[in-house]
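One line per chain: the protein sequences are A and B, in this order. Quick note: the first sequence uses the working numbering, first residue 1, plus one each step. Quick note: the second sequence uses the working numbering, first residue 186, plus one each step. Even for Gly, the Cβ is constructed at its ideal location relative to N, Cα and C. Since this is a predicted model, take the numbers as computed values, not measurements.
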Amino acid sequence: MRQSLRKVSMTAGIVSAALLGMSQTAAIAVPSASVLAPPPTPAPAPDTGRAPAGSEASLENTGSATSTRALCVFNTAGDYVHVSSSAFEASGHGWWVNGNCNATLAVVTVQLQQYYSDGSWRNAGTAGRATVRSGGGAGNRATGRGGCNSNSLTGWRSVVDVDLVGLADDPGKLYTPSRNIYCRR
Amino acid sequence: MSIRPDSTMFAALHGELALHPWRDPRVASSDAYSLFVARSSALGWLTEATENASGGLWGMNDAGQGPEPSRIAWFQVSLTEPVPDGRPLPVQAFLSCAGDVVARIGTPRLRAVQLLLPVQSLDASTRASAVLPLFQDAGWFADGDPRWRTPVRVTLDGGQDPSIHSAAPEMLQWIRSFTQDVFACDSFSLTDDLTDDGMVLEPAVIDELWRGPARHRATFHGVLTEWSLDALGWLAAFLAEAASRNGVGTPLMLTADRLEGSRSRVD
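Next up, the structure:
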């Protein structure tokens, strides 16, 4: 687990403003194009292992939180978006691992995103949201899903957000590495 | 920039699992998924799902138990990098990790293993052969108890891709051309009828994850140096290399079971 301590000064209002909807807006910021240009379509992602330059700000997978007592650290974790073994759908899990935060529960949200031919990432499928304990074990993961409409090779990733219950934490989210899987919505 | 499709590796362990008496699944904080993440991370096999992650062999996909009682546990990962030149598919590490996880949950009695092998990631036209490293790896099994030797049946199913049929005779010759003591291959047979040779395991994954449904198959009979996940992992990597070297370039569903009356190292 990688951890980094960062000084955080924020309010719960700032945290709530950084929810996934805003992330999507940032992710799909697209250069202006001719009205005659074909609309972007889902596509395989280049094999860079990273988000395309300029698509969003760099975000860390670790988190920190402030409380009235002290600064603390936790880890935001996820897995690789994959085709489920039991249903023809893309799937990705998210969870959190506590370092030293005075929190028992966190709300974990996992939103899958699909890569588009214009270089943008767009939300796809249904976000998973669960209030879970630390560790990622039984019943302590959230799952984002997106049913496949075809088996065309397409880039996918997930965005995992962790909000500690009772503590204000930073707005950082985990963007998992892009994976090209035979699933397209 | 290149575009690389994901390579999925899947394992399902079949048999019986006697849960440890101290472990209550109703209150346990861990499960097959979290244990597999923890174990493969500790051993350096897990590539974290972060932008700048490095190292590791696979990224986590999923894991679980059941749904039928005979399926002890199952695990799914993505290979995170192309298989390095001269190295086999990391199946031995994969099954070793799976075995560690199951041993944390209970005491298994392993009847069969089913594996989805991403043979397509072993491009024989561009890669150096991984067979010599496999023989080095085989040193792990040296000096085992001769009574552990186990007759096994291993079926490779290419699904809708028929290339396993033409590859099988050449695979047998290829396997026999090497000196190794882990797997003595006696024969092979070709049959596409799921009921012909008594195999009862349906593919554990949906058709879209490979070239399913099951259809074109080759079954190899032989003696494995021991009935263990380590040895089965070695054998699976060896057969994947054999298939790749002899014209198979698509995923294979491997099912291995031991023949009646044989002894097990792990029972």
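Residue pairing for residue 373 (chain B): DSSP places it in a beta bridge opposite B:405.
For residue 286 (chain B) and residue 302 (chain B), the gap between their C-alpha atoms comes out near 20 Å.
Chain A places a beta carbon closer than 8 Å to that of residue 245 (chain B), counting this residue as a contact. Across the stretch 348-359 of chain B, no CB contact with chain A closer than 7 Å is found for any residue. For residue 80 (chain A), the chain B residues whose C-beta falls within less than 9 Å of its own C-beta are 191, 232, 234, 243, 244, 245, 246, 262, 263, 265, listed in chain order.
In the assembly as shown, residue 402 (chain B) is a buried residue. Its beta-carbon has 16 or more other beta-carbons within 10 Å. Below the 8 Å Cβ cutoff, chain A contributes no neighbours of residue 209 (chain B), its closest Cβ being approximately 11 Å away. Under the three-state reduction of DSSP, residue 426 (chain B) is assigned to helix. The shortest CA-to-CA distance from residue 112 (chain A) to any of A:142, A:40, A:136, A:132 is the one to A:142. Identification of chain A residues near residue 394 (chain B) by a Cβ-Cβ cut-off of 7 Å yields 83, 85, ordered along the chain. Nearest C-alpha to residue 224 (chain B) among B:240, B:198, B:278: B:278. Residue state for residue 333 (chain B) is assigned as helix, using DSSP reduced to three classes.
In its chain, beyond the 5 residues on either side, 399, 402, 438 have a beta carbon closer than 6 Å to the beta carbon of residue 342 (chain B). The shortest CA-to-CA distance from residue 252 (chain B) to any of B:309, B:199, B:339, B:376 is the one to B:199.
Here the alpha carbon of residue 276 (chain B) sits roughly 6 Å from the alpha carbon of residue 422 (chain B). Excluding sequence positions up to five before and after residue 74 (chain A), its CB lies within less than 6 Å of the CB of 63, 96, 98, 99, 101, all in the same chain and listed in chain order. Residue pairing of residue 153 (chain A) in beta bridges, as defined by DSSP: A:182.
Distance from the CA atom of residue 149 (chain A) to the CA atom of residue 121 (chain A), rounded to whole angstroms, is 18 Å. The beta carbons of residue 92 (chain A) and residue 110 (chain A) sit about 6 Å from each other, so the pair counts as a contact at 8 Å. The C-beta of residue 138 (chain A) comes closer than 8 Å to at least one C-beta of chain B.
Between the stretch 343-350 of chain B and the stretch 308-317 of chain B there are fewer than three C-beta pairs closer than 8 Å, too few to call the two in contact.
For a Cβ distance threshold of 7 Å, residue set 137, 138 of chain A lies close to residue 216 (chain B), ordered along the chain.
For residue 171 (chain A), no Cβ of chain B is located within less than 8 Å of the residue's own Cβ. Inter-residue distance for residue 227 (chain B) and residue 256 (chain B) is about 26 Å (C-alpha atoms, whole angstroms).
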